[in-house]
Amino acid sequence: MSYKFLLFDLDHTLLDFDTAEDIALTHFLEEQGVTEIQTYKDYYIPMNKGLWRDLEQGKITKPELVNTRFSRLFAHFGIEKDGTELAFLYQQHIAQQGQTYAGASELLDSLTAADYEIYGATNGITAIQTGRMARSGIAPYFNHIFISEKMGTQKPEPLFYEKIAEQIPDFDLSQALMIGDSLTADIAGANNAGLDSIWYNPKKLINNSSAQPTYTVSSYEEIKKLLI
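If you count the sequence shown from 1, you need to add 210 to reach the numbering used here.
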């Protein structure tokens, strides 16, 4: 095992997306005059996850996801709204949320000290991920953040990793390692691109998918033990 290039997923791996989403949705829905906020969240959150899965599988496009998810939400409750306008308004709230998991900074600090090159590899929206990373405190550890919207492709497509390889000097696939929580995006993407992977699985879920990680860990300490 001799790795040099670490490709980190962001949401649910380093960035605490659940907390960020909860705060942003609360502010956004209050702004829209919604009184039953939890009821709206209970519908939106699984619906939004389903749309991201559809994107991974090529069933919908990124603009369709971004510009319809909130119009779908309000339509479910019998209210017609402009999805594109709502997307912009929500973006203002979520882009300000930079929460990370406890120990994320320490992990990245240790890996940097061990001379790894660290990159972000996220299926996010450019303005949102850029804003969140700027507020996270962990941005300085990264050589570069590769964001799917900006690249025109996303995990698990091999093209996502091909484009990353083109932009990293002296990149060697055999020295690259993908680290992320999603079997369908991160691990399947690594499988498709022919690089090793770490499935970050803090909830100790069962792998019922066809994606096969090289390693499985449930904590940052286990990542350190593997790599340092």
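Every residue gets a Cβ at the ideal spot worked out from N, C-alpha and C, and that includes glycine. Owing to the predicted nature of the structure, the values given are computational and were not obtained by experimental measurement.
Residue environment, residue i, which counts as buried when at least 16 other CB atoms sit within 10 Å
{"i": "Glu295", "result": "exposed"}
{"i": "Glu365", "result": "The amino acid at residue 365 is misidentified as Glu; the sequence shows Lys. Lys365 should be labelled buried."}
{"i": "Leu415", "result": "exposed"}
{"i": "Gln339", "result": "buried"}
{"i": "Ser429", "result": "exposed"}
{"i": "Asp219", "result": "buried"}
{"i": "Ser212", "result": "exposed"}
{"i": "Ala395", "result": "buried"}
{"i": "Pro273", "result": "exposed"}
{"i": "Gly390", "result": "buried"}
{"i": "Thr271", "result": "exposed"}
{"i": "Asp221", "result": "buried"}
{"i": "Ile289", "result": "exposed"}
{"i": "Asn417", "result": "exposed"}
Distance between beta carbons of residue j and residue i, contact taken as under 8 Å
{"i": "Trp409", "j": "Leu393", "result": "7 Å"}
{"i": "Ser407", "j": "Leu387", "result": "7 Å"}
{"i": "Lys434", "j": "Leu318", "result": "The pair is not a contact, with the Cβ atoms about 11 Å apart (cut-off 8 Å)."}
{"i": "Phe298", "j": "Ala331", "result": "Actually they do not touch by this definition, with Cβ atoms about 26 Å apart."}
Which residues DSSP lists as bridging residue i, in chain order
{"i": "Phe356", "result": "Ala331"}
{"i": "Tyr253", "result": "Partner(s): none; Tyr253 has no beta bridge."}
{"i": "Thr426", "result": "Trp409"}
{"i": "Gly260", "result": "Bridge partners of Gly260: none, in fact."}
Reduced DSSP secondary structure (H/G/I, E/B, other) of residue i
{"i": "Thr310", "result": "strand"}
{"i": "Thr245", "result": "coil"}
{"i": "Thr322", "result": "helix"}
{"i": "Asp221", "result": "strand"}
{"i": "Phe227", "result": "helix"}
{"i": "Leu383", "result": "helix"}
{"i": "Leu216", "result": "strand"}
{"i": "Thr336", "result": "helix"}
{"i": "Gly233", "result": "It is worth fixing the name first, because residue 233 is Ile in this sequence and not Gly. Of the three classes helix, strand and coil, the one that applies to Ile233 here is helix, per DSSP."}
{"i": "Gly341", "result": "helix"}
{"i": "Ile397", "result": "helix"}
Whether residue i touches residue j by CB criterion (8 Å)
{"i": "Leu239", "j": "Ile247", "result": "yes"}
{"i": "Gln306", "j": "Arg282", "result": "no"}
{"i": "Ser315", "j": "Gly341", "result": "no"}
{"i": "Leu235", "j": "Tyr254", "result": "yes"}
{"i": "Phe352", "j": "Met361", "result": "no"}
{"i": "Gly260", "j": "Phe280", "result": "no"}
{"i": "Glu231", "j": "Ile304", "result": "yes"}
{"i": "Leu321", "j": "Leu436", "result": "no"}
{"i": "Tyr326", "j": "Leu216", "result": "yes"}
{"i": "Ala349", "j": "Met343", "result": "yes"}
Beta carbon proximity, residue i to chain B, threshold 8 Å
{"i": "Leu393", "result": "Looking for chain B here will not work: only one protein chain is present."}
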